[in-house]
Structure formats: structure tokens, C-alpha cells
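**Student:** Input: one structure, supplied below.
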RNA sequence: CCAGUCGGCCGGGCGGCCGCGACUGUUCCGCGAGGAACAAUCGAGGAAAGUCCGGGCUCCACGGAGAAACGGUGGCGGCUAACGGCCGCCGGGGGUGACCCCAGGGAAAGUGCCACAGAGAUUGAACCGCCGACCGGCCUUCGGGCCGGGGCAAGGGUGAAAAGGUGCGGUAAGAGCGCACCGCGGCGCCGGCAACGGGGCUGGCAGGGCAAACCCCACCGGGAGCAAGACCGAAUAGGGAUGGCGCGCGGCGGGCAACCGCCGCAGGGUGCUUCGCCCCAGCCAUCCGGGUUGGUUGCUUCAGGGCCGGCGCGAGCCGCGCCCGAGAUGAAUGGCCGCCACGCCGGGGAAACCCGGCCCUACAGAACCCGGCUUACAGGCCGACUGGCGAU
RNA sequence: GGGGGUGUAGCCAAGCGGUUAAGGCCGGCUGCUCAUAACAGUCUUAUCGCAGGUUCGAAUCCUGCCGCCCCCA
């Protein structure tokens, strides 16, 4: 039963993020592995989540996964037109590609869910936000995802 | 120079670093399916959009074909694979003009509707009016006057619309009553492929509007859509076949039999008990078929675009000579930066232009492929033409 | 990819060719009450989603757009 579930909010710890050189300088080579199966997205839904500027990150530590680190991107139709959705997803992917190597050896599935504000957020802010969210999740922080309520009983 | 009309085009450029997808090549890894690295090449649009039409392609249905029903289209001719698209022409309307707009067949096939106002609204009428020729009556100064019967539809008024319009004649007043012109109907003639135009004779006029009301006529349309369709096919559960082992007793029914179904008893489980409820058959092996997640294919080179030459007023057609060519699939074409154009502002200059600064760069993302239509769009370029003003 | 519905005042809505577009809620004012509510009376509020067209006349009919909602694969 889902009734006895109490989401324990964990205090978000501040993590040192190298602020200088966020946008300048060539990003280190990093190959982005993306999630493509619907089942993997649904599985990540049950894990912890952390919010950033213009997005939410879901984390699912997968031990036996063949690839150690994978990222998925979700941009729903409600957010905007096709051009806007494309732009948001590409910027988020690039932000992840710039931010991911700084958090060290991460393992598991991360799903980035975009919000509409992501289209106007400065790119360095996006990169820093992604790095912070990933670090928070890897350190065990974040908020547990609430299970979806089935009936409207109060 | 100002104002305007029409048509066509562009939709920032160059470069650096780090990335993405496809294909080809080389190398490496792997028994293999396949994977990795590197290099070269290519990698969004004029609307890729809306999904409003038309096709190709695929499957389904159907003897060929036609009809009914339903839906669509609607001047004529042409273009086209086809179209509700485009071109040319005709007719009507608007504009000084360039030019623009029009669902533009049929109202004597039938049905229906036309509110309010108005006297009258469709086999239509006389409210205010006009007349006093004709008939009757009264009066008379014998000129005529008045009243009634009656005649009329010109004028007023109502309306979107009131039995052709204007003018002259005519008349008591009037009226296609007569005439001229215009409009309309009928019949020839001429021009044109045709829509239609021109002109002749003739008819005094036959008769309202609405078909984006039902309808009639002509023409067109079978349905669904690449998530179409084809192939491969995991785990788990379930289905079928065969074999092995197992399957309490009795009755009834079916069957040659193996066996199957139903009922009762026995047995087991639950439960304190009566009662009640549930179980009473499978397990294993091999094979087969359906099928979900997933994968492969369809999948991009064809009614393709551009240059050139020829034909056509044009839409287009022909010729091949040359050049070009996205293919993703939780979905590639991106992130950051520099310079320069374009634009704006300020300053200088007679001008070309120079210097400094700043901002903007729209609408928007392929999803099987084409032809159109419609809608969105910062800024800019080119050409043709019209009207006005000025100069020569 | 395919299909359906809907848009009328701040809200819910009727009207589907004919004067000036019902009705209810809300709001304003007045009465009643010591006061509020309720009740009674009265008043205001409409580019009929937008743009063209047909018609004498359009919220209504036709065409093209726009927004919102829903369904199927």
C-alpha cells in the first residue's frame, strides 16, 4: 500500500563547482550515451530527482547495466513547438556533455526532463545546474519521486 | 521626385575549437551476428507548418462494368499523372489608370421562403391621389357647376424588391395606346473550336428575388493509410501435437477403441462443530503455431531541381549536353567564440565616403514520396507598368 | 497519421435567416432588518473567436484561418 509513504526531504548539500571556465575553453572529449527504450525511462521514474534551472533530473543507479553512464532527455509537446523543443533538447544535451566529466565516475541512468524556461536560460547557468544536480544525486541527495496517485481519494 | 499596381527572388557570409547522424574507404577487435577508431564526402524549408485538395506506393474489398445512396465540383478552351490547381479568353462588378474582385450552370421541371413597413409581395393592388370624356341625378346667369356611377395607374408614400427605363406623341386623366433609343423574348445571318460577340427581322413585353433553401442537370469519387505492408523473433504466461510416467470406487451418456462429459460416494484443505466454501489431477521431454518488448526492411533517384538550346501569348512541352541530390526513428544538422556584411544612432564631409558605438537577424525543424492551395514571416533586392508634378 | 467536439456578458448558457440577441449566477442601487444573510424590486455588462462572401437582411448559410478539449492507431 502506498499510504504510509512519507517523502523525507534531504537537505541539499552545497557542492563546489569550478565556476571559472564554465563556458570558456574546450570541453574534454566525452561520448554521450543516450537512453532510448521506453522501459528505461519508466524505470527511472521511480528513482530520486533533483531540480535545476529549467529542468528536473531523475536518477536510477543501475548496477548490472551494460553501459555505466547513460542520459535520457524528455521534452514533452506541452512545452512548445517542434523548433523550440529541438532547441531545448540540444542545449540540454550539450550542457550535460560539458558538465558530466566534472562529476567524476558516475554510474547509472539519468533522465533530464525539460521545462519551458530552459530555452532562455544562459548556457553556463545550465551547465552549472546540471553538474550540481548530478552531484547531489550521486551523493545520495534529492527528493524521492512520489508514486502516481491512482484514485482521487483524499 | 512623389503616390501606386503587378510579377519574380533572397532568407546572412567567412573562420576557429569541441560535438552529432548517414554513407564510403582503411585499420583493429570478435568464432560469428556485429562493434570500435581514423579519414573523405554529404547533412532542413520557402513555407519542412496547417492537413484543405490531387496523385504515386502498399494492403483490404469487389467478375468486367454500371446504378442507387452519399459527398464534391460548376462560364469556355487549354496545361497537367491528377486536381477544387495553374494559364489564356469570355461575361459581370469596382478603380482616373496600371490593375483588382466574382461558387459565374438551371427560377417556363417541381416544392419552399420573402420578416417589419405598406392599400397591395406574386394566378398582386388602389391608401393619398388624378380625371369628369361616357351614364344618371340636382342646380344654372345656359358659359357651366356639384354629386354619384365610373375611368386611370402618371405622381406621392412604404419597402431590398411594386407588372421594363428615358423622351416625344397621345388622352378627360392615363396607359407599349403609338413612335424612337436602350433593355427583354423569338427566328435567321456573320465572326469565333467554344463561352460569347456583332448586326438584321420580328413580338408591345410574355413578367420579381433566393438554388452558399430543398432540388434538377453535367462531370468526378470503392475503403484505409508507411504505426500501410513484408520479414526475424527474447524472457514470462498461455494454446496445440506426440511420447513416457501417473490418473480411488460406482452409475449414466457419447465413442469400435484410446478416451471424454455429468452425477454420487470416498479423500484432502479451510473452519470450534452442523452447515457452507474450495481442491480432486497432473508432471516431464521434444516439436509446432499465434503473439508482446525489440530488431530488419519498406527508405529514399525520381511525374525530381537548376543552367543551356528549341517550341508556345502563357500555364507548360521537347531535347539531351552539363551540374546537383538529408534520411533520423526517445528521433542527427548542435554549443561556444572571432571577424565582416545588412540595419540603426552619433560625429565629420559638397559628395563618394570615413570614424565611433549599439542593436537586430524573422516565421519556423524533414519523419514514405511528389503536385498544388492556405496560413506565418525581421529585413532586403530586381524587373515591368500606371497616375501626378517638374526639367529637357 | 486519422477522427470528433466546442467557442455568445466576469461565469453557466438559450437562440440556428427577420426589429434593439432569452434566462440564471455575479456585480451596482433601493426596500425589509438594530445589522448581516435570505427575500422583493430595479439597473449595468455582448467586436456572438477572427477575416471574407451569399442574401434586402447573418450569431445563424458558405469558404478560409485561430484557440481550446477529447478519442483511435
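In the numbering used here, the protein residues as written are 6 to 159. All C-beta atoms, glycine included, are put in the ideal place defined by N, C-alpha and C.
Count Cβ pairs between the region 73-90 and the region 125-137 that sit closer than 8 Å; are there 3 or more?
**Tutor:** No: fewer than three Cβ pairs fall under 8 Å.
**Student:** Alpha carbon to alpha carbon, what distance is there between residue 101 and residue 142?
**Tutor:** Each residue's Cα considered, the two are about 14 Å apart.
**Student:** Give the straight-line distance between the Cα atoms of residue 3 and residue 55, rounded to the nearest whole angstrom.
**Tutor:** In the structure as shown, the chain begins at 6 and stops at 159. Residue 3 is therefore absent and cannot be evaluated.
**Student:** Does the Cβ of residue 125 have 16 or more other Cβ atoms within 10 Å, making it buried, or fewer, making it exposed?
**Tutor:** It is exposed - the Cβ of residue 125 has fewer than 16 other Cβ atoms within 10 Å.
**Student:** Under 8 Å by Cβ, that's how I've got residue 114 and residue 59 pegged, so tell me the actual separation to the nearest angstrom.
**Tutor:** Their Cβ separation, rounded to whole angstroms, is 20 Å, which puts residue 114 and residue 59 out of contact at 8 Å.
**Student:** Could you tell me the distance, in whole angstroms, from the CA atom of residue 47 to the CA atom of residue 63?
**Tutor:** About 10 Å.
**Student:** Can you tell which of 38, 119 and 74 has the C-alpha that lies nearest to the C-alpha of residue 91?
**Tutor:** Here the closest residue by C-alpha is 119.
**Student:** Assuming contact is defined by CB atoms lying nearer than 8 Å, are residue 99 and residue 75 in contact in what I supplied?
**Tutor:** It is not a contact, given that the beta carbons lie outside the stated cut-off.
**Student:** Can you tell me where the beta strand (DSSP E) holding residue 139 begins and where it ends?
**Tutor:** Here residue 139 belongs to no beta strand (DSSP E); instead the alpha helix (DSSP H) covers 128-143.
**Student:** What residues in its chain sit with their C-beta under 8 Å from that of residue 128, if we drop five residues either side in the sequence?
**Tutor:** Excluding positions up to five away in sequence, the list reads 28, 96, 99 and 100.
**Student:** Which term fits residue 104, buried or exposed, when burial requires 16 or more other beta carbons within 10 angstroms of its beta carbon?
**Tutor:** Buried is the call here.
**Student:** Please classify residue 101: does DSSP put it in a helix, a strand, or coil?
**Tutor:** Helix, per DSSP.
**Student:** In this structure, how does DSSP classify residue 50 when only helix, strand and coil are distinguished?
**Tutor:** Residue state, collapsed to three classes: coil.
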